[in-house]
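J.:
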């Protein structure tokens, strides 16, 4: 038996060669830097509030947010709004909304919810659009964990051996 832990899509570069323009690679370190700069300007602070990205979650410096007297839910809202305005994203879900069960009722969001862990997931869960890859380096990765799209969530299984007849199911 042969299987995998996720499916795969074609590389964004392939789609661009074929004329599809709504595709690309998302540079998450650049996104984090841009959003952190916007937060610094908004709050008049010098500190970065987003400290890590572990696909698909952005993680906040909660200690710093508390020290500054900021509201985590408000910061999540600002970050999600900024992310949603950028190319390549469908949405960015706030942790507080996920914990309250206040999310859109769509097939993609249902998949995101099933991957959300209340203790381990980030403060904002980013959801890239179809055929967008959360990796900035062409040629390095063409598949990764975290996409809720069918091409990543449908995983093939192959069975081979004596007495197993050829068929596709």
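Residue numbers (my numbering): 111 to 279. C-beta atoms are modelled at their ideal positions from N, C-alpha and C, and glycine is treated no differently.
1. Is the distance from the Cβ of residue 149 to the Cβ of residue 193 below 8 Å?
2. What is the DSSP secondary structure of residue 219, reduced to helix, strand or coil?
3. In whole angstroms, give me the CA-to-CA distance for residue 171 and residue 151.
4. Only counting the same chain, and skipping five residues up and downstream in sequence, which positions put a Cβ closer than 7 Å to that of residue 155?
5. Starting from residue 201, follow the beta strand (DSSP E) in both directions and report where the run begins and ends.
6. To which residues does DSSP link residue 162 through a beta bridge?
T.: If we stick to the structure as given:
1. Their beta carbons are not under 8 Å apart, which means residue 149 does not touch residue 193 by this criterion.
2. Residue state, collapsed to three classes: helix.
3. Distance between the alpha carbons of residue 171 and residue 151 is about 17 Å.
4. For residue 155, where only same-chain residues beyond five positions count, the Cβ hits under 7 Å are 178.
5. Unbroken beta strand (DSSP E) run through residue 201: 199 to 204.
6. Beta-bridge pairing by DSSP links residue 162 to 169.
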